[in-house]
Amino acid sequence: MSRRCEWTRHEISAYERVVAAASSKPLLLLPNSVYLRPAGSTSSLVCSCSNVQAGEPYQLSLVQRLQSAEHHGIQAGPLRTVCAALGTAARMVHPGRTCVALLSKPTDRLAMRTRIDLRGVGKTLQDEFDVQNVLYVSMADLARTKLDASGDLVLDEHRISVIYSRFDFSHPWGRWVDPIPPDGGSAPTEEVLAEWRAIQRMEVSNAIISSNLGCRLAHRRAAQHAYVRGGGLDRLLAPEEARALRTVLPHQWALDPDFDDGEEEKEAQALLASNPGAYVAKNMLRPRTGSGITQDRLASGGQIITNPADLMSLARSDARAWYIMFEKVTPVLHGADIAHKGSIVQLAPSEAVSEVATFGCYLEDGHGNIVFD
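First residue of the sequence shown? That's 39 in my numbering, and the numbers climb one at a time after it.
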């Protein structure tokens, strides 16, 4: 990928420059995750897969508050767990003067629900978890930071303890770019290139980042494809760990004709021709969508391609080079009792489908000791 895309080269070179410093720092993860600990195993595996950053814990707390007021047995949401982890991490860096920076797009580019959620998280941190300073920052703000002699990340008069990222660091263009075009994507070119100077400063500073650059790269679709199809799991993990993780990663095929001498693409084309309705395609670069005002994924190319005709058209186009094909998940339909406005609505056996959202929270001190799990 890095040979074909200047943006990807920026990612890899930045990681190579900061990996030594980042590996000795505490690790904070707050993802939508699946954690695997094989029962009875002596392996060291604590692994997450899925999205790198869980979103909107405050918004979920509002839903939880309503449902728990009207019904018994409603479990608590992730808000206080997320805030407890952020507060704990902040005290690890600056025990006497904690400062958590909530990173997102500039306010004028944020959807209202995201603005509400960020303010809710920030107020909870201050009111319930004794965080003295909460900053609401963009990448432009962090570009103004400086490193002091102690390694602290300093913004104006604040020394940042933790960066809670709700910013979309994904590919700005969603296609191979070499060289980077003079303008385009989700932000002006100079703006997105300036991100790398700020990212490197953040990574080598004392500030704990949720989630750091290495974790973000490991969760990219291209990386997960390499785990499944490129033998990455077997190179990185013990056999029992690789087997366990493989059970939660989907079957997938790169549509790039230059990958693996085109063998994988030929396999995908044959499968698609035999049953075009059984597959979907996703952009492996996951172009930036984030929390835009309209939440529109169509303009950026970030939407999942599910229509068989559209998928067949993609498979014949040059754009297939940055797409991965996945088996389509067939939902299991069932009945359900849904709590709604203080009453129970009963659905017939074929009228409901369930999706499980899991929230992870993991903090390690940089020496292998788990502080928060």
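Using N, Cα and C, we set each Cβ at its ideal position, and we do this for glycine too.
Keep in mind it's a predicted model, so treat the numbers as computed, not measured.
{"Item": "Burial state of V367 (16 or more Cβ within 10 Å)", "Value": "exposed"}
{"Item": "Bounding residues of the beta strand (DSSP E) (the contiguous stretch that carries A377)", "Value": "372 to 378"}
{"Item": "Neighbourhood of E108 by C-beta distance below 7 Å, restricted to the same chain and skipping five residues each side", "Value": "A377, G380"}
{"Item": "Nearest-angstrom Cα separation, counted from E229 out to Q164", "Value": "31 Å"}
{"Item": "C-alpha gap between Q384 and A374, whole angstroms", "Value": "6 Å"}
{"Item": "Contacting residues, own chain, Cβ-Cβ under 6 Å from A311 (five flanking each side not counted)", "Value": "none"}
{"Item": "Rounded distance between the beta-carbons of G404 and L66, thought under 8 Å", "Value": "Going by Cβ atoms, the distance from L66 to G404 rounds to 10 Å, so no, they are not a contact pair."}
{"Item": "Per DSSP, the bridge partner or partners of A390", "Value": "H372"}
{"Item": "For N250, the nearest candidate out of R273, T344, I343, L68 (CA to CA)", "Value": "L68"}
{"Item": "Counterpart residues of I247 in DSSP-defined beta bridges", "Value": "I201"}
{"Item": "CB-CB length for A390 against I362, believed under 8 Å", "Value": "Contact flag wrong, Cβ pair sits at about 30 Å."}
{"Item": "Nearest candidate by alpha-carbon position, reference G212, set D411, F397, N407, W45", "Value": "W45"}
{"Item": "Option nearest A260 by Cα separation, candidates A245, V286, Q290, P277", "Value": "Q290"}
{"Item": "Span separating the alpha-carbon of L275 from that of F297", "Value": "24 Å"}
{"Item": "Close beta carbons around L98, own chain, < 6 Å, minus the five adjacent residues each side", "Value": "G115"}
{"Item": "Three-state secondary structure assigned by DSSP to V131", "Value": "helix"}
{"Item": "Bounding residues of the alpha helix (DSSP H) (the contiguous stretch that carries L140)", "Value": "It is not in any alpha helix (DSSP H) - L140 instead sits in the beta strand (DSSP E) that spans 137 to 141."}
{"Item": "Closest by C-alpha distance to R147, when choosing among K161, Y202, R197, D206", "Value": "D206"}
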